[in-house]
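A short worksheet on the structure shown next.
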Amino acid sequence: MFWQVAFSIAAAQLTYRRRQTVVSMLGVALGVGFFIAASAVMSGSEKDLVRQLVENAPHITIKDEFRTAAKQPVYIAYPDAAVSLENTKPREYLRGIKNYGAIVDELSKQAGMVAEAALTGQAIIRYASKDVGASIAGIDPEKERLLTTVEEDMREGSLMRLKTSSQGIVIGQGMSDRLGLRMDDLATVVSPTGLVRRMKVVGIFRTGNLLLDEGQVYMLLKDAQVLLEKPFIANRIRIKVGNPDDAEDVAARIESRWGYRSESWQEVNRDFLGLFVTRNIITYSIVSAIMVVASFGIFNIISTIVMEKRRDIAILISMGFRAFDVQVIFLVQGIVVGLLGMAMGWCIGYILLEMLASVQITIPGMTEKQGIALERGIFQYGMGGLFAVLSAVGAAWYPARKASQVRPVDIIRGAA
Amino acid sequence: MSGGDALIEARGVTRVLQEAVPVTLVRDVDIIVGKGEFVSVTGPSGSGKSSLLYLLGLLDVPTAGRVFIDGEDTTGFDADRLAAIRLRKIGFVFQFHFLLPEFSVLRNVMLPMQRLNRAGDKEMTERSHQLLEELEIADQAKKRPDQLSGGQRQRVAIARALANDPALILADEPTGNLDSKNSQIVQEIFAKLVRDEGRTVIAVTHEPGFAEATERNIHLVDGRIDQGVTR
Numbered sequence: 001m002f003w004q005v006a007f008s009i010a011a012a013q014l015t016y017r018r019r020q021t022v023v024s025m026l027g028v029a030l031g032v033g034f035f036i037a038a039s040a041v042m043s044g045s046e047k048d049l050v051r052q053l054v055e056n057a058p059h060i061t062i063k064d065e066f067r068t069a070a071k072q073p074v075y076i077a078y079p080d081a082a083v084s085l086e087n088t089k090p091r092e093y094l095r096g097i098k099n100y101g102a103i104v105d106e107l108s109k110q111a112g113m114v115a116e117a118a119l120t121g122q123a124i125i126r127y128a129s130k131d132v133g134a135s136i137a138g139i140d141p142e143k144e145r146l147l148t149t150v151e152e153d154m155r156e157g158s159l160m161r162l163k164t165s166s167q168g169i170v171i172g173q174g175m176s177d178r179l180g181l182r183m184d185d186l187a188t189v190v191s192p193t194g195l196v197r198r199m200k201v202v203g204i205f206r207t208g209n210l211l212l213d214e215g216q217v218y219m220l221l222k223d224a225q226v227l228l229e230k231p232f233i234a235n236r237i238r239i240k241v242g243n244p245d246d247a248e249d250v251a252a253r254i255e256s257r258w259g260y261r262s263e264s265w266q267e268v269n270r271d272f273l274g275l276f277v278t279r280n281i282i283t284y285s286i287v288s289a290i291m292v293v294a295s296f297g298i299f300n301i302i303s304t305i306v307m308e309k310r311r312d313i314a315i316l317i318s319m320g321f322r323a324f325d326v327q328v329i330f331l332v333q334g335i336v337v338g339l340l341g342m343a344m345g346w347c348i349g350y351i352l353l354e355m356l357a358s359v360q361i362t363i364p365g366m367t368e369k370q371g372i373a374l375e376r377g378i379f380q381y382g383m384g385g386l387f388a389v390l391s392a393v394g395a396a397w398y399p400a401r402k403a404s405q406v407r408p409v410d411i412i413r414g415a416a
Numbered sequence: 001m002s003g004g005d006a007l008i009e010a011r012g013v014t015r016v017l018q019e020a021v022p023v024t025l026v027r028d029v030d031i032i033v034g035k036g037e038f039v040s041v042t043g044p045s046g047s048g049k050s051s052l053l054y055l056l057g058l059l060d061v062p063t064a065g066r067v068f069i070d071g072e073d074t075t076g077f078d079a080d081r082l083a084a085i086r087l088r089k090i091g092f093v094f095q096f097h098f099l100l101p102e103f104s105v106l107r108n109v110m111l112p113m114q115r116l117n118r119a120g121d122k123e124m125t126e127r128s129h130q131l132l133e134e135l136e137i138a139d140q141a142k143k144r145p146d147q148l149s150g151g152q153r154q155r156v157a158i159a160r161a162l163a164n165d166p167a168l169i170l171a172d173e174p175t176g177n178l179d180s181k182n183s184q185i186v187q188e189i190f191a192k193l194v195r196d197e198g199r200t201v202i203a204v205t206h207e208p209g210f211a212e213a214t215e216r217n218i219h220l221v222d223g224r225i226d227q228g229v230t231r
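For the record, the sequence lines run as chains A and F.
Just so you know, our numbering puts 325 at position 325 of the first sequence, and the rest follows in order with no gaps.
Just so you know, our numbering puts 224 at position 224 of the second sequence, and the rest follows in order with no gaps.
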């Protein structure tokens with residue numbers, strides 16, 4: 001078997017220089033290992049963040065605003081005319097989404113879609129002569145459960161208790177700690193217009209997000225309408241769609257249908273998503289650099305072997321081996337180093353992932369320690385392996401070609 | 001002129017090294033060597049003995065002239081075709097043994113057979129053993145080349161040259177590195193290959209004793225055949 005010969009010669013030459021082989025193999029292994037680890041952390045955190053963005057918040061929020069300021073009627077009537085109006089400002093309108101009930105009903109009819117009208121505003125929560133500013137959200141508890149993960153984060157009570165008790169509020173753990181406000185305590189809620197109401201704590205949540213835990217207060221939509229003195233008004237419609245990836249299209253459709261500014265989660269988090277691209281470029285360039293250095297190691301050892309083995313190559317050619325055969329012998333050596341490095345790199349990668357998985361860190365802005373989100377798929381191992389083998393073949397190519405171009409006459413004459 | 005019993009024929013073969021000043025290694029050489037001949041090639045150093053041998057062995061390609069083997073004109077053959085002919089029909093023995101240091105003696109002898117892939121593993125092993133036995137070094141089969149003496153290594157190299165049962169053995173100073181006793185042994189081996197097995201041996205040598213022992217001698221001077229000494 002020719003392949004058997006090629007492999008046995010390749011193996012013999014590699015084992016002959018065992019130390020160098022191991023070193024260049026380690027180079028590949030480290031490259032693969034770090035590729036796996038870096039890739040797992042990067043895509044793990046990316047997926048985790050996207051999951052949080054998608055799960056924790058509505059996919060689309062319709063706001064009681066418009067994307068562009070309203071035009072003067074004369075511009076609409078004569079779009080191409082040379083008209084200029086001085087000293088006008090856009091028309092004032094009543095804040096709030098008109099006829100939100102109809103919009104919610106219509107959206108709710110669509111498959112897989114949940115829509116909820118909400119009223120948001122600011123208020124002060126006062127308890128035991130301490131004041132804390134809060135963002136008020138007037139919501140529908142049944143729909144809120146489907147839209148966000150607040151219900152899962154409840155430590156005491158529940159969102160549903162808003163429905164069964166009158167004048168209930170749900171607050172965060174942070175606010176509860178700051179004010180000493182516990183379950184079933186009566187807090188004083190002061191609206192910006194000075195309206196004062198006594199409301200009962202019926203639930204306490206803890207999301208781990210400082211901003212929410214200290215400043216967010218939930219109540220029924222109708223309570224918020226009364227408190228903020230905006231009866232029959234909602235300023236947000238919050239929507240969850242069946243497939244989060246569709247959110248952008250759906251938002252665009254809603255906006256063109258009703259005119260209100262509709263923000264998809266992708267639009268709101270565009271900066272984040274853009275950041276991922278930059279981050280991935282940086283990570284993979286660094287990891288690729290490791291692989292490039294590793295392939296220099298392979299190049300080095302194969303070049304050395306070719307240099308040292310010129311006599312052996314000459315005799316093989318004089319025996320009747322073809323140039324291609326010789327090239328294969330040295331390419332095989334590169335591939336073997338690549339494959340062994342890959343296997344070892346998989347082990348290193350696995351160990352690194354195990355270590356990373358056991359690490360707990362505190363992310364700024366979060367109150368709880370968390371594990372590092374890791375993407376542990378076959379993809380990372382496959383890509384790492386592919387990189388290893390490709391760089392090994394690439395590195396072995398040139399010296400293998402050199403070997404195949406050895407002219408036996410020169411070598412034999414030189415040796416004599 | 002080719003045909004008949006001619007095994008290898010050189011017709012007007014010239015080899016010029018293209019360097020800053022072109023060097024002519026072999027100049028217009030005509031040789032016909034038949035089957036079963038034992039030929040020595042002699043001449044002063046730099047006379048082109050080895051170059052001629054490499055041309056006859058298809059390791060090198062002439063700049064002018066033609067080389068026929070078994071009546072086949074090899075002019076214009078690419079490197080792979082020449083390699084295939086070398087594999088089947090030609091065995092080389094050099095001044096240095098050129099055994100692969102990582103392999104046992106037996107594996108070294110097997111290499112050409114494995115490349116040709118004519119027989120199964122078992123047959124190849126058997127044939128290698130047989131060759132080593134004929135050359136009386138079968139007891140060294142499992143050793144590595146560096147554990148052998150110079151004479152033993154050269155015998156292993158001869159066994160390797162015989163691996164694919166070639167009709168033509170080309171030897172380049174095969175005894176150049178050996179003491180007189182081992183030289184004698186190697187010479188006798190070649191003589192036996194010609195006498196008993198009908199192989200053709202062409203050996204480059206600078207030892208008068210070796211040349212005298214061969215039935216035919218080609219003497220080169222400055223790349224040309226010196227007709228006066230050649231017999």
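By construction, the Cβ of each residue, glycine as well, lies at the ideal position given by its N, Cα and C atoms.
Own chain residues within Cβ distance below 7 Å of residue 280/A, not counting five before or after:
If you number the first sequence from 1, residue 280/A lands on position 280. Cβ within range, chain order: 42.
Given that a residue counts as buried once 16 or more other Cβ atoms are within 10 Å of its Cβ, and exposed if not, what is residue 3/F?
Indexing the second sequence from 1 puts residue 3/F at position 3. Residue placement at residue 3/F is flagged as unreliable, the pLDDT there being 39, under the threshold of 50; the coordinate-derived value follows with that caveat. Exposed, by the Cβ-count rule.
Go ahead and pull the three-state DSSP assignment for residue 383/A.
By one-based count along the first sequence, residue 383/A stands at place 383. Of the three classes helix, strand and coil, the one that applies to residue 383/A here is helix, per DSSP.
Touching or not, the stretch 131 to 151 of chain F and the stretch 196 to 203 of chain F, by the rule of three or more beta carbon pairs under 8 Å?
no
Of the choices 23/F, 53/F, 45/F, 10/F, whose alpha-carbon is the least far from that of residue 32/F?
Locating residue 32/F in the second sequence gives position 32, counting from the first residue. The option with the nearest alpha carbon to residue 32/F is 10/F.
Residue 66/F bridges to which residues according to DSSP?
Mapped onto the second sequence, residue 66/F falls at position 66. Paired residue(s): 11/F.
In or out: residue 155/F buried (at least 16 other Cβ within 10 Å) or exposed?
What you label residue 155/F is simply residue 155 of the second sequence in a count that begins at 1. Flag for residue 155/F reads buried.
Below 8 Å on the Cβ atoms is my guess for residue 134/A versus residue 217/A; work out the distance and round it to an integer in Å.
As a first step, residue 134/A is located in the first sequence; it is residue number 134 there, counting from the start. As a first step, residue 217/A is located in the first sequence; it is residue number 217 there, counting from the start. Between residue 217/A and residue 134/A the Cβ distance is about 4 Å, and since that is below 8 Å, they are a contact.
Residue 5/A touches chain F at which residues, Cβ-Cβ below 7 Å?
Taking the first residue of the first sequence as position 1, residue 5/A is located at position 5. Within 7 Å Cβ-Cβ: 111, 114, 115.
So if DSSP puts residue 314/A in a beta bridge, which residue, or which two residues, is it bridged to?
Counting from one through the first sequence, the residue named residue 314/A turns up at place 314. Residue 314/A pairs with nothing; no bridge assigned.
Compute the beta-carbon to beta-carbon distance between residue 5/F and residue 35/F, rounded to the nearest angstrom, for a pair I have assumed lies under 8 Å.
Counting from one through the second sequence, the residue named residue 5/F turns up at place 5. Counting from one through the second sequence, the residue named residue 35/F turns up at place 35. That belief holds up - the Cβ atoms of residue 5/F and residue 35/F are roughly 5 Å apart, short of 8 Å.
Alpha carbon to alpha carbon, how far is residue 140/A from residue 146/A?
Here residue 140/A refers to the residue found at position 140 when the first sequence is read from its first residue. Here residue 146/A refers to the residue found at position 146 when the first sequence is read from its first residue. Approximately 10 Å between the Cα atoms of the pair.
Taking a cut of 7 Å between CB atoms, which residues from the stretch 40 to 60 of chain F lie near chain A?
50, 54, 59, 60
Report the option in 224/F, 153/F, 205/F, 184/F whose CA atom is closest to the CA atom of residue 101/F.
Counted from its first residue, the second sequence places residue 101/F at position 101. The shortest Cα separation from residue 101/F among 224/F, 153/F, 205/F, 184/F belongs to 153/F.
Straight-line Cα distance separating residue 46/A from residue 112/A
Within the first sequence, numbered from 1, the residue matching residue 112/A stands at position 112. Within the first sequence, numbered from 1, the residue matching residue 46/A stands at position 46. Spanning the two alpha carbons is a distance of roughly 25 Å.
Using 8 Å as the threshold, is the stretch 209 to 224 of chain A in touch with the stretch 76 to 94 of chain A, meaning 3 or more CB pairs across them?
no
Identify which residue in 56/F, 60/F, 78/F has its Cα closest to the Cα of residue 241/F.
Limits of chain F in this structure are 1 at one end and 231 at the other, which puts residue 241/F out of reach.
Shorter than 8 Å from the beta carbon of residue 87/F to some beta carbon of chain A?
Taking the first residue of the second sequence as position 1, residue 87/F is located at position 87. So, interface residue.
Starting from the beta carbon of residue 18/A, find every residue of chain F whose beta carbon is closer than 7 Å, and list them in chain order.
By 1-based counting over the first sequence, the position of residue 18/A is 18. Chain F residues near residue 18/A: none, gap ~12 Å exceeds 7 Å.
Any beta-carbon of chain F closer than 8 Å to the one on residue 416/A?
In the first sequence, counting from the first residue as 1, residue 416/A sits at position 416. Confidence at residue 416/A is low in this model, with a pLDDT of 45, below 50, so its placement is unreliable and no value can be given for it.
Cβ-based burial, residue 10/A [other Cβ within 10 Å; buried from 16]
Here residue 10/A refers to the residue found at position 10 of the first sequence. By the neighbour-count rule (16 or more Cβ atoms within 10 Å), residue 10/A is buried.
Step through the CB atoms of chain A and report whether any lies within less than 8 Å of the CB of residue 70/F.
What you label residue 70/F is simply residue 70 of the second sequence in a count that begins at 1. Chain A, which has no Cβ nearer than 8 Å to the Cβ of residue 70/F, makes this no.
Taking the beta carbon of residue 201/A as the centre, do at least 16 other beta carbons fall within 10 Å, making it buried, or is it exposed?
Here residue 201/A refers to the residue found at position 201 when the first sequence is read from its first residue. So residue 201/A ends up on the buried side.
Residues of chain F with a CB under 7 Å from the CB of residue 323/A: which are they?
Residue mapping note: residue 323/A aligns to position 323 of the first sequence, counting from 1. Neighbours of residue 323/A on chain F, chain order: 79.
Does residue 18/F get closer than 8 Å to chain A when you measure Cβ to Cβ?
Residue numbering aside, residue 18/F sits at position 18 when the second sequence is read from its first letter. Answer no: the Cβ-Cβ gap between residue 18/F and chain A never drops below 8 Å.
Supposed close pair residue 168/A, residue 224/A - CB separation, criterion 8 Å:
For the purposes of this step, residue 168/A is taken as the residue at position 168 of the first sequence. For the purposes of this step, residue 224/A is taken as the residue at position 224 of the first sequence. Between residue 224/A and residue 168/A the Cβ distance is about 12 Å, and since that is not below 8 Å, they are no contact.
Under 8 Å Cβ-Cβ, which residues of chain A neighbour residue 203/F?
If you number the second sequence from 1, residue 203/F lands on position 203. Residues of chain A passing the Cβ test: none, with the nearest at roughly 14 Å.
Are residue 181/A and residue 118/A touching if we call contact CB-CB under 8 Å?
Within the first sequence, numbered from 1, the residue matching residue 181/A stands at position 181. Within the first sequence, numbered from 1, the residue matching residue 118/A stands at position 118. No; because the gap between Cβ atoms is not below 8 Å, this pair is not in contact.
At which residue ranges does the stretch 83 to 136 of chain F contain complete alpha helix (DSSP H) runs of 4 or more residues, listed in the order of the chain?
105 to 116, 121 to 134
Exposed unless 16 or more other CB atoms sit within 10 angstroms - verdict on residue 275/A
Residue 275/A sits at position 275 when you count from the first residue of the first sequence. Classification for residue 275/A: exposed.
On the DSSP bridge list, what partners appear for residue 198/A?
Walking along the first sequence from the start, residue 198/A turns up at place 198. Paired residues: 188/A.
Report all residues from its chain with a CB closer than 6 Å to the CB of residue 112/F; omit the five preceding and five following residues, and keep chain order.
Sequence index remark: in the second sequence, residue 112/F carries index 112 (1-based). Hits under 6 Å: 163, 164.
Pick helix, strand or coil for residue 30/F, following the three-state DSSP scheme.
Numbered from its first residue, the second sequence carries residue 30/F at position 30. Three-state DSSP puts residue 30/F in a strand.
Do residue 399/A and residue 318/A have their C-beta atoms within less than 8 Å of each other?
The count along the first sequence starts at 1 and reaches residue 399/A at position 399. The count along the first sequence starts at 1 and reaches residue 318/A at position 318. No.
Ranges of the alpha helix (DSSP H) found wholly within the stretch 114 to 153 of chain A, counting only runs of at least 4:
141 to 147
Which listed residue (25/F, 20/F, 38/F, 21/F) has its alpha carbon closest to that of residue 170/F
Along the second sequence, one-based indexing puts residue 170/F at 170. Residue 170/F has its Cα closest to that of 38/F, out of 25/F, 20/F, 38/F, 21/F.
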